[in-house]
Amino acid sequence: MSPTSVATWAGALSVLGAATSLAGVFSDWRWLLPTVVAVGVVAGIGAWSRKLRVKPALGVLAQLGALLVVLNTAFTEHGWLGAVPGPASIDELLSLLDQAVELVRTGVPPAPADPPLQCLATLGLGLVAVLVDLIVVVFGSPAVAGLVLLCVLAVPASLSGDMLPWWSFAAGGLTFTLLLACRGQHRKEQQEHQLQRTETLFGRTAAVVAGTATVLALLAGVVFTGVGTEGRLPGESPARFRAGSGIGLKPFTSLRGQLNREQQVELFRVRGLSEPTYLRAITLRKFNPERGWELDGLTQGVDASLELPLPEGTTINNGRHYRVEIEPTGYRDPWLPIFGVPSSVSGMGPNWRYDPAAGIVFTQTTQESRPYVEQFTLPTPTATDLRTAHGPLAIAPAYLDTTGVPPQITELAQRLTSQAPTDFDKAVAINRFFTEPENGFVYDVQTAPEAGTDALTHFLFQGKRGFCEQYASAMAVLLRAVGIPSRVAVGFTPGYQDGEERVITTDDAHAWVEAYFPGWGWQIFDPTPLQDGRGSVPQFLEQELNPAPPEESSAPSQSETDPRSPEAQPEQPADQEQQDARRPVVEEDGGGWLTATAGVVLLAALLGLPALLRELRRRQRLQAINAGSPRAASIAWREVLDEFRDRGTEPAASATARALARDLVDRHQLDEQAAAALDELVRAVEREWYAPSPANNSAGGVLEALNTVVGFLRRTDPLPWRARLFPPSLLAAVAPRRVEKTTGAR
Numbered sequence: 028m029s030p031t032s033v034a035t036w037a038g039a040l041s042v043l044g045a046a047t048s049l050a051g052v053f054s055d056w057r058w059l060l061p062t063v064v065a066v067g068v069v070a071g072i073g074a075w076s077r078k079l080r081v082k083p084a085l086g087v088l089a090q091l092g093a094l095l096v097v098l099n100t101a102f103t104e105h106g107w108l109g110a111v112p113g114p115a116s117i118d119e120l121l122s123l124l125d126q127a128v129e130l131v132r133t134g135v136p137p138a139p140a141d142p143p144l145q146c147l148a149t150l151g152l153g154l155v156a157v158l159v160d161l162i163v164v165v166f167g168s169p170a171v172a173g174l175v176l177l178c179v180l181a182v183p184a185s186l187s188g189d190m191l192p193w194w195s196f197a198a199g200g201l202t203f204t205l206l207l208a209c210r211g212q213h214r215k216e217q218q219e220h221q222l223q224r225t226e227t228l229f230g231r232t233a234a235v236v237a238g239t240a241t242v243l244a245l246l247a248g249v250v251f252t253g254v255g256t257e258g259r260l261p262g263e264s265p266a267r268f269r270a271g272s273g274i275g276l277k278p279f280t281s282l283r284g285q286l287n288r289e290q291q292v293e294l295f296r297v298r299g300l301s302e303p304t305y306l307r308a309i310t311l312r313k314f315n316p317e318r319g320w321e322l323d324g325l326t327q328g329v330d331a332s333l334e335l336p337l338p339e340g341t342t343i344n345n346g347r348h349y350r351v352e353i354e355p356t357g358y359r360d361p362w363l364p365i366f367g368v369p370s371s372v373s374g375m376g377p378n379w380r381y382d383p384a385a386g387i388v389f390t391q392t393t394q395e396s397r398p399y400v401e402q403f404t405l406p407t408p409t410a411t412d413l414r415t416a417h418g419p420l421a422i423a424p425a426y427l428d429t430t431g432v433p434p435q436i437t438e439l440a441q442r443l444t445s446q447a448p449t450d451f452d453k454a455v456a457i458n459r460f461f462t463e464p465e466n467g468f469v470y471d472v473q474t475a476p477e478a479g480t481d482a483l484t485h486f487l488f489q490g491k492r493g494f495c496e497q498y499a500s501a502m503a504v505l506l507r508a509v510g511i512p513s514r515v516a517v518g519f520t521p522g523y524q525d526g527e528e529r530v531i532t533t534d535d536a537h538a539w540v541e542a543y544f545p546g547w548g549w550q551i552f553d554p555t556p557l558q559d560g561r562g563s564v565p566q567f568l569e570q571e572l573n574p575a576p577p578e579e580s581s582a583p584s585q586s587e588t589d590p591r592s593p594e595a596q597p598e599q600p601a602d603q604e605q606q607d608a609r610r611p612v613v614e615e616d617g618g619g620w621l622t623a624t625a626g627v628v629l630l631a632a633l634l635g636l637p638a639l640l641r642e643l644r645r646r647q648r649l650q651a652i653n654a655g656s657p658r659a660a661s662i663a664w665r666e667v668l669d670e671f672r673d674r675g676t677e678p679a680a681s682a683t684a685r686a687l688a689r690d691l692v693d694r695h696q697l698d699e700q701a702a703a704a705l706d707e708l709v710r711a712v713e714r715e716w717y718a719p720s721p722a723n724n725s726a727g728g729v730l731e732a733l734n735t736v737v738g739f740l741r742r743t744d745p746l747p748w749r750a751r752l753f754p755p756s757l758l759a760a761v762a763p764r765r766v767e768k769t770t771g772a773r
């Protein structure tokens, strides 16, 4: 196998080595086979095109075309002859990639390698393989390809909440080392007249590729780490949630990711909560027939650090009042979870807002909250209170919107509630439809994610299998179909008791329904048939499921129940043993310091990259001189000029080599030995440039003169740290000035 072919396949292997880092964000290995095929095809086409001496630009086009054929064959059902892309298959690929972007934007690693994510990974790594092949073989700069491979490692590292597997770093390092080892063999194949061209290309492309790849890495960090971070819910900044923008079922995508984690991760510790209740992070008001439930109508609200107003239409005079301390231990999001109807929230830091209509505390950017204190009221209506609730609708009409709901769903809602005399009885009837075993509904977190009315209809009438996404979505639509204002809430179930604290983990991520009753505000209904003790049944529903002797209505009054009194302390739930059984599997998220360490190492690598590129270019020049290149003097002259550039001296473009040498001697006060060496180097350069026959310069003499000048500069004018980290000569390589040769110099 020729050295060029060896370099080609070594580059492909290095891409696959870096790709093993995806094991940290995928829960299975289904992504590997199409990725290996794509990278292999790209390398094969590259080797074939060079064997046929095809121009590099045409070779790259052939590689991109072959990659498109691989994607079409692996991920679409259309195309000519099952492989050649056509309009229908292109549309199918674009749809898959659109789904993949949403999954990346909202998912929580590790995620199952479903076809959309497989397609995205195959496309991304295929493009990386094309770029690495171009840099390694065409430009002859394997070291520069390391930056591209570093970007491949950076994306999974930024998405994963845990440290990437150690063996993925080892695989990436070993394959990159193999690529560098092929560098020398590849260079031996080049002719002497190519050495100068290769060195120049290295200088020009190194800075360009370094800058481009760094920008891409930063963009990838901004785009992909804004979401998919462990503990996240909607994964988006509230500043982007203008009316109509919506987030569809994206919160549910994140819920699925948390519930599918192989290990629980602790998110919160709550102190002072004697009565289990749901912790709300976000509410979804709008039902979109195509995408499902969306956030809509979020306002700028009020400063969350001030006294918080009651939501409109809520006049709570009967409820339990709590002061709880909430400590986020593994949660990071723009939404601050809260209990009940808050009256104040403090300690979480600046820039948090509260929208009383939506019941949401939020900020403009994703951030880790400090431990915070919430004072809130948990309304305690009885079933009779909710049956007799009446008054004007003091909330937005959007909470009753049923646009796009199919007629068969409306008919189902009316049939279920035909014997219910009040809104409360209708809500109870719909809730029972999902929770009573004889109706055949099954809780299953592995159900494929779908949105919109088609998925909703299938769930209600055929599938009857899903997790909280399907149950909450369906019940909220059914409530609206019979005229009851409703919304979907996303947050966490109460967790489990641990001494005097409640612990909430990723396993508690949940969605439920909130129905509005005049005077009492939004009340919790949970239609999901949970069997593991995670749920919490409100008092008014408990009365319906387990009827008690009739009692007089406890209409709202000025009386309050002291939560510290024996009467206010709730009995232990019947499922307490199920909650206790969850404790041993909960693990503290101890990977934070490892992730931080990885980030520091990555930042240090990026900061040190320009200095590495400068050193690689210097060594490349020295190798060319030692190899006896006929342009040894010119190569040494460029190295001398770069040494002066790094010290702040930009050579004049119009100066001759001899005039430039005199100027450099004066500016940097070269001693007699260094000045003589520079003069000797100038004479060698002039012989090389202007002699009628090829110059007979001694490689040893040129190298000795170069080392003498550089040695003097490093002793008397050492580079400051800024010039070491970011050598100015790298920028000169992007737009080089012609100082190597000036007509008429003798």
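Those letters in the sequence shown? Residues 28 to 773, by the working numbering.
Using N, Cα and C, we set each Cβ at its ideal position, and we do this for glycine too.
In this text the structure is predicted, and so the values were computed from the model without any measurement.
- DSSP places Arg507 within a helical segment (H, G or I) once states are collapsed to three.
- Collapsing the DSSP output to three states places Glu465 in a helix.
- The continuous alpha helix (DSSP H) containing Glu699 extends over residues Glu699 to Tyr717.
- Listed in chain order, the non-local C-beta contacts of Leu643 below 7 Å within the same chain comprise Ala170, local neighbours out to five positions each way being set aside.
- Secondary structure in the region 118–190: the alpha helix (DSSP H) runs of 4 residues or longer, each lying completely within the stretch, are 142–160 and 169–186 in chain order.
- Residue environment for Asn378: exposed (fewer than 16 other C-beta atoms within 10 angstroms of its C-beta).
- Cβ contact annotation for Thr47 (same chain, cutoff 6 Å, sequence separation greater than five): Ser195 and Ala198, in chain order.
- In the three-state DSSP reduction, Val692 falls in the helix class (H, G or I).
- In terms of CA proximity to Phe166, Ala34 leads the group Gln566, Gln90, Asp118 and Ala34.
- Comparing alpha carbon positions, the residue from Val64, Asp360 and Arg514 closest to Val96 is Val64.
- DSSP links Arg380 through a beta bridge to Asp330 and Phe389.
- Per the DSSP secondary-structure output, Lys313 pairs in a beta bridge with Glu321.
- When DSSP states are grouped into helix, strand and coil, Gly548 belongs to the strand group.
- Residues Asp450, Lys453, Ala454 and Ala542 of the same chain have their beta carbon placed closer than 7 Å to that of Ile511, with the five preceding and five following residues left out of the count.
- Judged by DSSP in its simplified three-state form, Gly357 adopts coil rather than helix or strand.
- Between Pro355 and the set Pro637, Arg80, Met502 and Thr533, the nearest pair of CA atoms involves Thr533.
- Considering only Asp535, Asp525, Ala536 and Ala516, the residue with the shortest C-alpha distance to Gln550 is Ala516.
- In the DSSP assignment, Ile72 falls within the unbroken alpha helix (DSSP H) covering Leu59 to Lys78.
- Residue pairing from DSSP places Asp525 in a beta bridge opposite Glu528.
- In this structure, Glu129 is the residue among Ala156, Gly153, Leu152 and Glu129 with its C-alpha nearest to the C-alpha of Pro143.
- Rounded to the nearest angstrom, the Cβ distance from Gly346 to Thr404 is 4 Å, consistent with a contact under 8 Å.
- Between Arg514 and Thr310, the C-beta spacing is below 8 Å.
- Counting the other Cβ atoms within 10 Å of the Cβ of Asn99 gives 16 or more, which makes it buried.
- Looking from the CA of Phe552, the closest CA among Gln696, Leu568, Asp706 and Leu427 belongs to Leu568.
- At a Cβ-Cβ threshold of 8 Å, Pro556 and Tyr470 count as neighbours.
- The Cβ-Cβ distance between Ala704 and Ala659 does not fall below 8 Å.
- A direct Cα-Cα distance of roughly 20 Å separates Asp382 from Val351.
- For Val297, the uninterrupted beta strand (DSSP E) segment begins and ends at Gln291 to Arg298.
- For the pair Arg359 and Gly374, the CB atoms are not nearer than the 8 Å cut-off.
- Nearest C-alpha to Phe203 among Ala701, Leu191 and Gly173: Gly173.
- Across the structure, Gly324 and Ala331 are spaced so that their CA atoms are roughly 18 Å apart.
- For Gly44, the secondary structure class from DSSP, reduced to helix, strand or coil, is helix.
- By the C-beta density criterion, Gln435 is exposed, having fewer than 16 other C-beta atoms within 10 angstroms.
- In the structure shown, Thr404 falls within a strand segment according to DSSP collapsed to helix, strand and coil.
- Here Tyr305 is near Pro521, since their CB atoms are less than 8 Å apart.
- Straight-line measurement puts the Cα of Pro137 at about 18 Å from the Cα of Thr62.
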